[in-house]
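Colleague: Counting from 1 along the sequence shown, just add 52 to a position and that's the residue number in the working numbering.
There's a structure below that I have some questions on.
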Amino acid sequence: MAGEGGSKTADKEKPDPERVSRLDEGLSESVWLYAEVERAAVLIDAAEYFAAMHAAMLKAKHRIFLIGWDFDTRIHLAEGRHWWERGWKDKYPARLGSFIGWLVRHRPTLEVRILKWSFGVFKFVVRGSMWWDLMRWFRHRRIDFKFDSAHPTGCSHHQKIAVLDNRLAVCGGIDMTVKRWDTREHEEENELRKTPNGRAYEPWHDASMMMEGEIADALSELGRDRWVRAGGKALLPIQAREDSLWPEGLRADFENVEVGIARTRAEYRDWEEVREIEHLFVEHIKRAQKFIYAESQYFASRAICEALCERLHEEDPPEIVIVHPRNADGWLEQQAMDHARAELVRCIEEADDKGRFSIWNPVSGATPIYVHAKVMIVDDRIFRIGSANMNNRSMGLDSECDVFIDCDRKGNEHACDAIRDIRYSLLAEHCGVEESEVGQLLSRHGSMAAMIDHTITEDGRNLVRYHPPDLNDAEKAVAESGLLDPEDPDDMFEPFAKGGLFRKGSRLERMRDKFRRKNGK
């Protein structure tokens, strides 16, 4: 919608064949490309993310490009700060829909492009005031809001990317939508943690990474290609700003590093399949020597679990710690993900002779904390973050984008301490301890799992061990088929065409059968 889809100069451009070729041909099976980053910060939980984006967008002059699974104009980026609380200097609105309109009115050279997954249009029925925002935007030629349906039936557009003036970029798990805002304290009750309709929601954990430098131009290229594929008119590339858009007061975790980009993309029309993220997961799991720490909304990927089982069969396997929510968000998601998780965890536990695997659910007091973050840390030498979950859809169906820092890349050797600090910070948040204590606690107890066990309290924030529940025959059948979480678009119509989760002759099938024989099932 809005203004015919682009600026007057942008409308005339046709896709550059050389650029399209680069998007279709990655550096390897697991990496699209590497790009330089002058500084980067991991934004943990949406209170920090929304505040940083609010500050950065105020500095944008040419283009704000927002790409997401969902987008809701009713949210407040400066949550809870009404106009009478913000002071006379803050003359801009905090509500996202009004803020974007204000920016375009006060920045004569600024354009705003927003790409959102098409299925979310049905949610607009209950987002009354969002319709009003879109109608107000319609008269602005420099604001364009577009729905992305460029994927096979049953797939989704799942990337979460923001690019500002081709100078600053964000990639991770956070969408600018409802039920995302929360602080790192994750209190059981927080009066600011409410939907625009005034309904309270439970604690929510998430993460994204803000980056400044060459990578913004690369992610802009990825986004502009997606925009055209989704039916938008071509957007001309813009010259990256030389001055900084970095939010004041935001501490950088990394400086002068090379960041890799990996994607998932289903085959569609003349668009070839890309499975870089799946290959990268397997590659990173194989490289682990000491440990893997991961956070994911789901744990249901056949390829990832096969790779973990293979490592756990070794004489001295790495420790593997997975943090994710107690249950998926929504009934259908629970049928698709929770049952598959139970079956896969049982298989992994059969392979885990050394007791090196554990999976945990975070809680705040008696209240579960929903995990939406997609993070993995390997040996404090690899840090990855993005939109991809540890489920089959993220490996082959949905459009995804992950970024990662690998200390084995030349010039990245200095990033290891920062990766360790991020792991310590996440463990501290989930276990309710001070970040400065984590190193000593790990040394004292010898592993992440032992540390977590010894920091559990009766109240406050804790990680609780997940134990797979027994499933009935119908639940097992759904889980094993992969019907609701397929690896390929065709599998949605022929769920057992490739054998489902437990393919014949696979390690997972052997572990499943071993468990059933041992337990008489």
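Virtual Cβ for every residue (Gly too), placed ideally from N, Cα, C.
1) Based on DSSP bridge pairs, tell me the residues matched to ARG91.
2) If you check the beta carbons only, do HIS203 and TYR345 fall under 9 Å apart?
3) Any idea what DSSP makes of LYS111, helix, strand or coil?
4) Count the other CB atoms within 10 Å of the CB of LYS212; is the residue buried (16 or more) or exposed (fewer)?
5) Which residues in the same chain as ALA425 place their Cβ atom closer than 7 Å to its Cβ, once the five residues preceding and following it in sequence are excluded?
6) With distances taken from CA atoms, which of LYS528, VAL89, TRP84 and GLU527 is nearest ALA304?
7) Which residue marks the beginning of the beta strand (DSSP E) containing LYS198, and which one marks its end?
8) Less than 9 Å between the beta carbons of PRO299 and ALA107, yes or no?
9) Can you check DSSP and say which residues form a bridge with PHE554?
10) Using alpha carbons as the reference points, say which of PRO369, ALA531 and ASP454 lies closest to LEU274.
11) Is the Cβ-Cβ distance between SER272 and ALA318 less than 9 Å?
12) Please work out which residues of its chain come closer than 7 Å, Cβ to Cβ, to ARG232, disregarding the five sequence neighbours upstream and downstream, and give them in chain order.
13) Tell me which residue opens and which closes the beta strand (DSSP E) that ASP458 is part of.
14) How many angstroms separate the CA atom of ASP122 from the CA atom of HIS376?
15) Classify THR507 as helix, strand or coil using the three-state DSSP reduction.
16) Would you give the residue range spanned by the alpha helix (DSSP H) that PHE123 belongs to?
17) Roughly how many angstroms lie between the CA atoms of ARG559 and GLY265, to the nearest whole one?
18) Roughly how many whole angstroms lie between the Cα atoms of PHE567 and HIS391?
19) Measure how close the beta-carbons of HIS365 and ALA394 come, nearest whole angstrom, since I'm counting them as under 8 Å.
20) Identify whether CYS399 lies in helix, strand or coil by the three-state DSSP scheme.
21) Only counting the same chain, and skipping five residues up and downstream in sequence, which positions put a Cβ closer than 6 Å to that of ASP124?
22) Do VAL415 and VAL516 have their CB atoms nearer than 9 Å?
23) In three-state DSSP terms, what is ARG251?
24) Straight-line CA distance for CYS468 to ILE474?
25) With distances taken between CB atoms, is the gap from MET500 to VAL373 smaller than 9 Å?
26) Which residues does DSSP pair with TRP412 in a beta bridge?
27) So which of LEU332, LEU384 and LEU479 has the shortest CA-CA distance to ASP458?
28) For SER410, count neighbouring C-beta atoms within 10 Å of its own C-beta (all shown protein chains included) and say buried if the count is 16 or more, exposed if not.
29) Per DSSP, LEU85 forms a beta bridge with which residues?
30) Express the C-alpha separation of LEU553 and ASP537 in angstroms, rounding to a whole number.
31) Jot down the residue ranges of each uninterrupted beta strand (DSSP E) in the stretch 205-248, minimum 3 residues, whole runs only, in chain order.
32) In terms of residues, what are the limits of the alpha helix (DSSP H) holding MET447?
33) Count the other CB atoms within 10 Å of the CB of HIS466; is the residue buried (16 or more) or exposed (fewer)?
34) Helix, strand or coil for PRO299 per DSSP?
35) For GLY153, which residues from the same chain have a beta carbon less than 8 Å from its beta carbon, with the 5 sequence-adjacent residues on both sides left out?
36) Can you have a look at TRP84 and say buried or exposed, based on whether 16 or more other CB atoms are within 10 angstroms of its CB?
Modeller: Walking through what the data contain:
1) As a position in the sequence shown, residue 91 is number 39, starting the count at 1. Beta-bridge pairing links ARG91 to GLU264 and GLU307.
2) Mapped onto the sequence shown, residue 203 falls at position 151. Mapped onto the sequence shown, residue 345 falls at position 293. No, the Cβ-Cβ distance between HIS203 and TYR345 is not below 9 Å.
3) Residue mapping note: residue 111 aligns to position 59 of the sequence shown, counting from 1. In the structure shown, LYS111 sits in a helix (DSSP, three-state: H, G or I).
4) Against the sequence shown, residue 212 aligns to sequence position 160. It is buried - the Cβ of LYS212 has at least 16 other Cβ atoms within 10 Å.
5) Numbered from 1 along the sequence shown, position 373 holds the residue referred to as residue 425. Within the same chain, ALA425 has close Cβ partners GLY225, HIS257, ASP258, ALA259 and GLU347.
6) Counting from one through the sequence shown, the residue named residue 304 turns up at place 252. Looking at the Cα atoms, VAL89 is the closest of the given residues.
7) Within the sequence shown, the letter at position 146 stands for residue 198. That run of the beta strand (DSSP E) goes 195-200.
8) Residue numbering aside, residue 299 sits at position 247 when the sequence shown is read from its first letter. Residue numbering aside, residue 107 sits at position 55 when the sequence shown is read from its first letter. Against a cut-off of 9 Å, the Cβ pair of ALA107 and PRO299 comes out as a contact.
9) Working through the sequence shown from its first residue, we reach residue 554 at position 502. PHE554 pairs with nothing; no bridge assigned.
10) On the sequence shown, residue 274 is found 222 positions in, with the first residue counted as 1. Nearest option by C-alpha distance: ASP454.
11) Your numbering for residue 272 matches position 220 in the sequence shown. Your numbering for residue 318 matches position 266 in the sequence shown. No, they are not a contact pair.
12) Translated into positions along the sequence shown, residue 232 becomes position 180. Taken in chain order, the residues that qualify are ALA98, ILE226, TRP256 and ASP258.
13) The sequence position of residue 458 within the sequence shown is 406, counting from 1. Note, ASP458: beta strand (DSSP E), 452-458.
14) On the sequence shown, position 70 is the one that residue 122 refers to. On the sequence shown, position 324 is the one that residue 376 refers to. Taking the straight line joining both Cα atoms gives about 21 Å.
15) Indexing the sequence shown from 1 puts residue 507 at position 455. If DSSP states are grouped into helix, strand and coil, THR507 belongs with coil.
16) Residue 123 sits at position 71 when you count from the first residue of the sequence shown. Element bounds for PHE123: n/a, residue is neither H nor E.
17) Numbered from its first residue, the sequence shown carries residue 559 at position 507. Numbered from its first residue, the sequence shown carries residue 265 at position 213. So the two alpha carbons sit approximately 43 Å from each other.
18) Indexing the sequence shown from 1 puts residue 567 at position 515. Indexing the sequence shown from 1 puts residue 391 at position 339. Going from the Cα of PHE567 to the Cα of HIS391 covers about 16 Å.
19) As a working mapping, residue 365 is identified with position 313 in the sequence shown. As a working mapping, residue 394 is identified with position 342 in the sequence shown. The Cβ separation is near 21 Å, so there is no contact.
20) Numbered from 1 along the sequence shown, position 347 holds the residue referred to as residue 399. Correct three-state label for CYS399: helix.
21) For the purposes of this step, residue 124 is identified with residue 72 of the sequence shown, where counting begins at 1. Result list for ASP124: THR229 and VAL230, in chain order.
22) If you number the sequence shown from 1, residue 415 lands on position 363. If you number the sequence shown from 1, residue 516 lands on position 464. Contact: yes.
23) Your numbering for residue 251 matches position 199 in the sequence shown. ARG251 falls in the coil class under three-state DSSP.
24) Numbered from 1 along the sequence shown, position 416 holds the residue referred to as residue 468. Numbered from 1 along the sequence shown, position 422 holds the residue referred to as residue 474. When rounded, the distance between both Cα atoms is 10 Å.
25) Position 448 of the sequence shown, counted from the first residue, corresponds to residue 500. Position 321 of the sequence shown, counted from the first residue, corresponds to residue 373. The answer is yes: Cβ separation under 9 Å.
26) Taking the first residue of the sequence shown as 1, we reach residue 412 at position 360. Partner(s): VAL375 and ARG517.
27) As a first step, residue 458 must be located in the sequence shown, where it is residue number 406. When each option's Cα is compared against that of ASP458, the closest is LEU332.
28) If you number the sequence shown from 1, residue 410 lands on position 358. Classification of SER410: buried, given that the 10 Å Cβ count is 16 or more.
29) As a position in the sequence shown, residue 85 is number 33, starting the count at 1. DSSP, once it has assigned bridges, lists ILE313 as partnering LEU85.
30) For the purposes of this step, residue 537 is taken as the residue at position 485 of the sequence shown. For the purposes of this step, residue 553 is taken as the residue at position 501 of the sequence shown. Distance from the CA of ASP537 to the CA of LEU553, rounded to the nearest whole angstrom, comes to 10 Å.
31) Inside the stretch 205-248, DSSP marks whole beta strand (DSSP E) runs of 3 or more residues at positions 213-216 and 220-224, from first to last along the chain.
32) The residue you call residue 447 lines up with position 395 of the sequence shown. Per DSSP, MET447 belongs to the alpha helix (DSSP H) from 444-448.
33) On the sequence shown, position 414 is the one that residue 466 refers to. HIS466 comes out exposed.
34) If you number the sequence shown from 1, residue 299 lands on position 247. PRO299 falls in the coil class under three-state DSSP.
35) If you number the sequence shown from 1, residue 153 lands on position 101. Within the same chain, GLY153 has close Cβ partners ASP185, ARG188, TRP189, HIS192 and ILE195.
36) Taking the sequence shown and counting its residues from 1, the one referred to as residue 84 is at position 32. Buried, because 16 or more other Cβ atoms sit within 10 Å of the Cβ of TRP84.
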